[in-house]
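Each residue of the sequence shown is one higher than the one before, counting from 1 in my numbering. Quick reminder that beta carbons are idealized off the backbone N, C-alpha and C, glycines included. Just so you know, these numbers come straight off a predicted model, no measurement behind them.
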Amino acid sequence: MTSMQPHHHAHDEDGESVCRHAHDHRAHAAEALARAERVCRERGLRLTPIRAKALEALHADHRPVGAYDLADRISPAGGRRLAPISIYRALDFLVEQGFVHRLSSKNAYIACLHGHGADEVVAFLICEVCGGVDEDSSPAIRKAVAAIAETRQFAPAHQMVEIVGRCEHCRNAGS
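Spelled out as structure tokens, the structure:
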């Protein structure tokens, strides 16, 4: 994972304006899906059809997706919607394996484009205008969070920071 990088404005195939969140997800989704399949094989785990569909659907969007919306997206067209318990079980597995993150502030999930370790501090920059999310990590943020936890004698289980604001694209668009 790279250290914090500036947010870049990009264009899609039709020349429409696309912010970096969407561009990064499009550019790295196939690689991240292949990594998930490889990691599951290496760990002796099954990427079941529901898990795989959930992961693919999350990689198809650069915005956090709620469990019920995800159920609608991956349920068979014209068929019965998948049971919420099936979706939550798939999401729990994907989060445990580090393929997906749960954003507490949104009560929603976003696919992880990076193969970082469970002990890494992850920062999420959540745009309040377009809803896009950038994920990143750096030694400085890891050190700052470790110092806070150590001062309070706190043993973190998950280390993530959610920062809400406006991405460069939305600021430049005057939104």
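Residue i - DSSP class collapsed to helix/strand/coil
i    : result
D61  : coil
R26  : helix
H116 : coil
V145 : helix
A133 : The question names Ala, but residue 133 in the sequence shown is Val. Strand.
S86  : helix
C167 : coil
A155 : coil
L33  : helix
Buried versus exposed, by CB contacts within 10 Å (16 or more), residue i
i    : result
F154 : exposed
E135 : buried
A34  : exposed
Y109 : buried
G66  : exposed
V164 : exposed
A111 : buried
S104 : exposed
P84  : exposed
Supposed close pair residue i, residue j - CB separation, criterion 8 Å
i    : j    : result
L55  : A71  : Actually they are not in contact, since the Cβ atoms of L55 and A71 sit about 14 Å apart, beyond 8 Å.
Q159 : V121 : 4 Å
For residue i, the residue or residues it bridges with in DSSP
i    : result
Y109 : V65 and R102
V95  : BP columns for V95 are empty, so no partner.
E162 : F124
CB contact check: residue i to chain B, cutoff 9 Å
i   : result
K53 : No chain B is present in this structure, which holds just one protein chain.
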